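Just so we're aligned, residue 16 is where the sequence shown starts under the numbering used here, counting upward by one. Worksheet: the structure to be examined is printed underneath.
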Amino acid sequence: GTSAMSDAQWSAIMLGDEAYAGSKSFFKFRDAVTRVTGYKHVVPAHQGRGAEHILMMMMVKPGDRVLGNMHFDTTQGHILLRGAEPVNLLGAEGYVVESQELFKGNMDLEALERELAEHGRDKVPFVIMTVTCNSNGGQPVSMANIRAASAIARKHGVPFFFDCARFAENAYFIKTREPGYAQKSVLEIAQEMFACGDGCVMSSKKDALVNIGGFAAFRDEETYQRALEWVIPFEGFATYGGMAGHDMEALAVGLGEVVNADYLEDRIGQIAYLAQLLQDAGVPVITPSGGHGVYVDAKSMLPHMPQSEFPAQALTVELYVEGGVRGVELGTCAFGRTDPLSGETIYPELELVRLAVPRRVYTDRHMKCVARAFEGVMARRDSIRGLRITYQAPVLRHFTARFERL
């Protein structure tokens, strides 16, 4: 599920102004976004993928190459729907499950330079940095890497955006892991991070601590005006964009709460606790643990199963059967796709089960229940069978696909 809202957020809901145009709640929301990001031009969306849709529709054309550290599923889906190519430039350490590199979400800067030198502004509409990097374990991106990637993009005249759903968690990792930032507040670090970009998209269910909503924000007015051309027909008017006034009120409060270092210490500490419980049970997980969940390496846990049999999906099923624990597959079903030229399946390098932990919801006792369920699955892992798809949609198939056991 989504995060639990605070008493202050629930109180703010009662102040919601539901005016179609000029809602007072919008201006509170806009000011809260600007305080964190520095971007003055903000468009609300019903959730993160609505903001992604706006960005892709106004900037991406068929044949383009959209560069990122590692695109998440909806981002990749939107790019493919535009007839463009999602290009992941994650550093090599980001694919090594056992690597102890502290910033495994970092972009390969040499690869970024090569891509931009070869394809240029005509084929690369923007570079997008996902913080934290969801697809490889909620892994953080260092400030040094953000600065360098931004500088390379600017050198080539290419806009630099953030997918900032988990910006506060990324800022906290910078504070605790990167030299020179220990004495800075999480808010100051976030502001420094956003200063490197031209805009952002956000799913507010994550680090805005609300149950619904999202936004896109831009540094310059021209890009904002272009965005409005897509917001109004697809999301709603410029001052609500698919969100109720009361949700904008709660979002504004959440953006203030999420940069509290004590909250983040507890939040990220709980993820580390679950990771340690699973490691103690012999479950292979991505290390060091990330910001919002623990990611289990299905390839290592089910070595007898080829990727063509969806090992991460099979493990997700077994976990639910064993303990009623709902994880999500981030492997062949989510990220595998067919090569349009050869017709062969392109398999992802990582085959993961994500155990994302909602914010301010569960206790450590719940984490022990998850670990106990995994112990049961581990005891019979050699007998777990693979799956085959019986139904799939052409895009983002993992949301609605159906399977049967082999």
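Heads up, the beta-carbon is just placed ideally off N, CA and C, and yes, glycines get one too. On a predicted model such as this, the values are computed, not experimentally measured, just so you know.
- Within 10 angstroms of the beta-carbon of Gly-83 lie 16 or more other beta-carbons, which makes it buried.
- By the Cβ rule, the segment 56-63 counts as touching the segment 220-232, because three or more pairs are nearer than 8 Å.
- Inclusion of Glu-344 and Ser-40 in the CB contact set at 8 Å is not warranted, their separation being larger than that value.
- Straight across, the Cα-Cα distance linking His-134 with Arg-80 is about 8 Å.
- Under DSSP, Asp-178 forms a beta bridge with Thr-145 and Val-216.
- With a threshold of 16 other beta carbon atoms within 10 Å, Ser-323 falls short and is exposed.
- Under the three-state reduction of DSSP, Glu-207 is assigned to helix.
- Scanning its chain for C-beta atoms nearer than 8 Å, with the 5 sequence neighbours on each side dropped, one finds around Gly-65 the residues Gly-229, Phe-249, Glu-250, Gly-256 and Gly-257, in chain order.
- Straight through space, the alpha carbons of Ala-296 and Ala-327 are spaced by roughly 18 Å.
- Beta-bridge pairing by DSSP links Ile-404 to Phe-418.
- The beta-carbon distance between Leu-411 and Gly-92, rounded to whole angstroms, is 4 Å. This is short enough to meet the 8 Å contact definition.
- Lys-383 sits exposed, since fewer than 16 C-beta atoms from the chains shown fall within 10 Å of its C-beta.
- If you look at Tyr-310, you'll find it in the beta strand (DSSP E) that goes 308-312.
- In this structure, the CA atom of Arg-387 is about 9 Å from the CA atom of Leu-293.
- Rounded to whole angstroms, the separation of the alpha carbons of Gly-305 and Gly-98 is 32 Å.
- At the C-beta level, Arg-162 and Cys-215 stay beyond 8 Å of one another.
- Taking all protein chains shown into account, Thr-302 has 16 or more neighbouring C-beta atoms within 10 Å of its C-beta and is therefore buried.
- By the CB criterion at 8 Å, Gly-351 and Tyr-335 fall outside the cutoff.
- With a cut-off of 8 Å on Cβ pairs, the segment 183-199 is not in contact with the segment 18-37, counting fewer than three such pairs.
- With a cutoff of 8 Å on beta-carbon distance, Val-368 and Leu-330 are scored as near each other.
- Judged by their CB atoms, Gly-346 and Ser-38 are not nearer to each other than the 8 Å cut-off.
- If you look at Gly-152, you'll find it isn't in any alpha helix (DSSP H); DSSP assigns it neither H nor E.
- When the five nearest sequence neighbours on each side are left out, the beta carbons in the same chain lying within less than 8 Å of the beta carbon of Ile-286 are those of Gly-153, Ser-304, Gly-305, Gly-306, His-307, Gly-308, Val-309 and Val-372, in order along the chain.
- In this structure, DSSP gives Thr-254 a state outside helix and strand, which the three-state scheme calls coil.
- In this structure the segment 174-182 does not touch the segment 100-117; the number of beta carbon pairs closer than 8 Å is below three.
- Taking all protein chains in view, the Cβ of Asp-88 is crowded by 16 or more other Cβ atoms within 10 Å, so the residue is classified as buried.
- Asp-277 has its alpha-carbon roughly 13 Å from the corresponding atom of Lys-190.
- Taken in chain order, the whole alpha helix (DSSP H) runs of length 4 or more contained in the segment 319-399 are 326-338, 347-350 and 379-394.
- Rounded to the nearest whole angstrom, the C-alpha separation of Ser-398 and Ala-126 is 41 Å.
- Taking C-beta atoms as the reference points, Val-385 and Leu-370 count as a pair closer than 8 Å.
- Between Val-139 and Val-173 the beta-carbon gap is near 5 Å, inside 8 Å, which marks them as a contact.
- Counting every other CB atom within 10 Å of its CB across the protein chains shown gives Gly-63 a total of 16 or more, marking it as buried.
- Taken atom to atom, the span from the alpha-carbon of Asp-262 to that of Thr-415 is near 27 Å.
- Scanning its chain for C-beta atoms nearer than 8 Å, with the 5 sequence neighbours on each side dropped, one finds around Gly-391 the residues Glu-337 and Gly-338, in chain order.
- DSSP places Phe-233 in the strand class (E or B) of the three-state scheme.
- Met-85 sits in coil when the DSSP states are folded into three classes, being neither helix nor strand.
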